[in-house]
Amino acid sequence: MLQRREFVQQLLMDRGNLLVVSGLGASTFDVATAGDHPLNFYLWGAMGGTAMVGLGLALARPDRRVAVLTGDGDLLMGLGSLATIGVKQPKNLAIVVLDNAHYGETGMQPSHTHSGINLVAAALACRFKYAREVSRIEEAADIRALLHSGEGPILVNARIADQEAPRVLPLRDGHAIKQRFTDALNSA
Amino acid sequence: MHTPSNIETAWPDIVHAHFRRVGIRQVGYVPDGGLSGLIKLCQDDPEITDVVLTSEEEGVGLVAGAALGGQRAALLMQSSGVGNCINMFSLLRNCGFGCVALVTMRGEFAEFNPWQVPMGSIAEEVLRLAGFLTYRVESADDVDDIVGAGCDMAFYGDLQIAIVLSQRLLGRKQWTR
Numbered sequence: 001m002l003q004r005r006e007f008v009q010q011l012l013m014d015r016g017n018l019l020v021v022s023g024l025g026a027s028t029f030d031v032a033t034a035g036d037h038p039l040n041f042y043l044w045g046a047m048g049g050t051a052m053v054g055l056g057l058a059l060a061r062p063d064r065r066v067a068v069l070t071g072d073g074d075l076l077m078g079l080g081s082l083a084t085i086g087v088k089q090p091k092n093l094a095i096v097v098l099d100n101a102h103y104g105e106t107g108m109q110p111s112h113t114h115s116g117i118n119l120v121a122a123a124l125a126c127r128f129k130y131a132r133e134v135s136r137i138e139e140a141a142d143i144r145a146l147l148h149s150g151e152g153p154i155l156v157n158a159r160i161a162d163q164e165a166p167r168v169l170p171l172r173d174g175h176a177i178k179q180r181f182t183d184a185l186n187s188a
Numbered sequence: 001m002h003t004p005s006n007i008e009t010a011w012p013d014i015v016h017a018h019f020r021r022v023g024i025r026q027v028g029y030v031p032d033g034g035l036s037g038l039i040k041l042c043q044d045d046p047e048i049t050d051v052v053l054t055s056e057e058e059g060v061g062l063v064a065g066a067a068l069g070g071q072r073a074a075l076l077m078q079s080s081g082v083g084n085c086i087n088m089f090s091l092l093r094n095c096g097f098g099c100v101a102l103v104t105m106r107g108e109f110a111e112f113n114p115w116q117v118p119m120g121s122i123a124e125e126v127l128r129l130a131g132f133l134t135y136r137v138e139s140a141d142d143v144d145d146i147v148g149a150g151c152d153m154a155f156y157g158d159l160q161i162a163i164v165l166s167q168r169l170l171g172r173k174q175w176t177r
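Given below as structure tokens:
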């Protein structure tokens with residue numbers, strides 16, 4: 001089992017030009033903890049939509065790498081997005097699911113992955129170019145390399161411990177998050 | 001399923017011309033008979049990336065992501081799809097993502113299927129409650145004016161604009177083969 005903060009920290013180390021979209025709740029807090037960055041788009045709601053924000057961004061900027069970091073609950077709510085992404089085959093998009101098999105924000109109720117629903121198999125069935133599970137921190141360097149240069153669409157299901165980490169609250173004003181992101185991307 | 005031939009001609013070309021004029025680069029849609037002509041025009045346009053969705057709410061995320069990457073995007077959906085999007089629309093309103101949605105109506109004029117009525121009859125109000133300004137097109141003569149104005153408002157004002165294409169404009173869906 002991975003510790004979510006340590007894993008995300010390692011994925012986003014020396015991130016360079018990477019564009020990051022994070023799903024509501026703990027994933028957004030993990031990404032913020034790894035280092036607030038203007039090229040982070042933090043979702044605080046719109047559950048189920050994170051992967052599709054990543055797709056729209058990846059299609060708009062094929063010259064840049066896009067990483068979506070989100071939870072199992074968010075991805076399960078938008079499971080159809082995997083099929084939509086599989087149709088478009090964005091080479092520059094990778095999704096990392098921080099899978100604790102629970103709904104952490106609402107009292108740790110078990111999610112579908114807790115009952116063995118397999119997101120890696122779902123991604124492969126949806127024609128993702130590459131999908132794998134990770135559970136050891138030693139694999140973080142490989143996943144980091146995938147985010148920067150693997151041919152997408154990629155899905156990584158990261159088995160993380162079902163322990164809550166301290167809340168780290170980044171920007172919450174949606175207009176400000178958007179504006180900061182687009183300013184940074186346009187000036188880069 | 002047949003769609004009346006008159007809906008395949010003029011108005012989709014006008015809408016597509018406005019998409020070109022304001023530089024829309026991504027179009028997300030769940031197919032609808034009334035939208036088939038416009039969908040085809042978008043698919044055939046090399047400047048537009050068309051994204052077929054499993055559910056309309058995916059398109060809301062797509063619009064947001066496109067805007068983050070500097071591209072304008074439109075949504076095409078039938079009125080029943082509006083209900084699928086309600087929570088996801090918060091993304092547009094909360095962040096001020098400009099968006100133009102073309103919504104083809106079911107469940108109103110000459111509707112033969114009562115199952116279309118519950119959602120169709122509230123779609124426009126739901127759009128407004130979710131933060132959209134809505135403009136209804138009843139006649140083909142108004143398409144140019146309304147779609148043009150809607151596209152400008154969406155992308156120069158970062159507003160959420162829904163163009164509601166009435167069932168009367170689209171024509172009766174033929175129920176027999």
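Chains as they are written, first to last, in the numbering used here: chain U, 1 to 188; chain V, 1 to 177.
Glycine is no exception: its CB is placed at the ideal position from the N, C-alpha and C atoms.
Because the structure is a prediction, the values reported are computed rather than measured.
Beta-carbon proximity of residue i to residue j, cut-off 8 Å
i: residue 92 of chain U; j: residue 127 of chain U; result: no
i: residue 3 of chain U; j: residue 161 of chain U; result: yes
i: residue 94 of chain U; j: residue 122 of chain U; result: no
i: residue 28 of chain V; j: residue 53 of chain U; result: no
i: residue 168 of chain V; j: residue 109 of chain V; result: yes
i: residue 75 of chain V; j: residue 99 of chain V; result: yes
i: residue 24 of chain U; j: residue 44 of chain U; result: yes
i: residue 5 of chain U; j: residue 33 of chain U; result: yes
i: residue 146 of chain U; j: residue 42 of chain U; result: no
i: residue 117 of chain V; j: residue 135 of chain V; result: no
i: residue 28 of chain U; j: residue 72 of chain U; result: no
i: residue 150 of chain V; j: residue 104 of chain V; result: no
i: residue 30 of chain V; j: residue 55 of chain V; result: yes
i: residue 140 of chain V; j: residue 11 of chain V; result: yes
i: residue 98 of chain U; j: residue 30 of chain U; result: yes
For residue i, three-class secondary structure by DSSP
i: residue 133 of chain U; result: strand
i: residue 16 of chain V; result: helix
i: residue 143 of chain U; result: helix
i: residue 175 of chain U; result: helix
i: residue 78 of chain V; result: strand
i: residue 169 of chain U; result: coil
i: residue 72 of chain U; result: helix
i: residue 149 of chain U; result: helix
i: residue 50 of chain V; result: strand
i: residue 110 of chain U; result: strand
i: residue 160 of chain V; result: strand
i: residue 120 of chain U; result: helix
i: residue 36 of chain V; result: helix
i: residue 61 of chain U; result: coil
i: residue 163 of chain U; result: coil
i: residue 109 of chain V; result: coil
i: residue 26 of chain V; result: strand
i: residue 19 of chain U; result: strand
i: residue 126 of chain U; result: coil
i: residue 12 of chain U; result: coil
i: residue 94 of chain V; result: helix
i: residue 85 of chain V; result: helix
i: residue 102 of chain V; result: strand
i: residue 99 of chain U; result: strand
i: residue 122 of chain V; result: coil
7 Å Cβ cut-off: residues of chain V touching residue i
i: residue 83 of chain U; result: 54
i: residue 175 of chain U; result: 95 and 96
i: residue 181 of chain U; result: 68
i: residue 41 of chain U; result: 68
i: residue 97 of chain U; result: Simply none; closest approach about 16 Å.
Residues that residue i contacts on chain V, provided the C-beta gap is smaller than 9 Å
i: residue 60 of chain U; result: 25, 26, 49, 65, 66, 67, 68, 69, 70, 71 and 73
Neighbour list for residue i in chain V, Cβ cutoff strictly below 8 Å
i: residue 122 of chain U; result: In chain order: nothing, as chain V lies at least about 13 Å away.
i: residue 169 of chain U; result: Within chain V, no residue comes near residue 169 of chain U; the closest Cβ sits about 16 Å away, beyond 8 Å.
i: residue 8 of chain U; result: Going along chain V, no residue has its Cβ under 8 Å from residue 8 of chain U, so there is no contact; the nearest lies around 20 Å.
With 16 other Cβ atoms within 10 Å as the buried cut-off, status of residue i
i: residue 58 of chain V; result: buried
i: residue 186 of chain U; result: exposed
i: residue 116 of chain U; result: exposed
i: residue 160 of chain V; result: buried
i: residue 149 of chain U; result: exposed
i: residue 81 of chain U; result: buried
i: residue 137 of chain U; result: exposed
i: residue 107 of chain U; result: exposed
i: residue 7 of chain V; result: Only weak support is given to the placement of residue 7 of chain V: the predicted model assigns it a pLDDT of 44, under 50, and the value that follows is read from those uncertain coordinates. That one is buried.
i: residue 17 of chain V; result: exposed
Cβ distance (whole Å) where residue i is taken to contact residue j below 8 Å
i: residue 78 of chain V; j: residue 13 of chain V; result: About 20 Å separates the two Cβ atoms, so there is no contact after all.
i: residue 51 of chain V; j: residue 88 of chain U; result: 6 Å
i: residue 15 of chain V; j: residue 38 of chain V; result: 6 Å
i: residue 155 of chain V; j: residue 22 of chain V; result: 5 Å
i: residue 61 of chain U; j: residue 69 of chain V; result: 4 Å
i: residue 110 of chain U; j: residue 102 of chain U; result: 6 Å
Closer than 9 Å at the beta carbon, the chain U residues around residue i
i: residue 58 of chain V; result: 48, 49, 51, 52, 55, 78, 80, 81 and 84
i: residue 113 of chain V; result: Neighbours of residue 113 of chain V on chain U: none; closest Cβ ~24 Å, over 9 Å.
Cross-chain neighbours of residue i in chain U, by beta carbon under 8 Å
i: residue 90 of chain V; result: 45 and 46
Interface flag, residue i vs chain A, CB-CB below 8 Å
i: residue 186 of chain U; result: Included in the structure are the protein chains U and V, with no chain A among them.
Within chain U, the residues that residue i reaches when beta carbons sit closer than 7 Å
i: residue 127 of chain V; result: Near residue 127 of chain V there are no residues of chain U at all, since even the closest Cβ is about 17 Å away, more than 7 Å.
i: residue 62 of chain V; result: 52, 55 and 56
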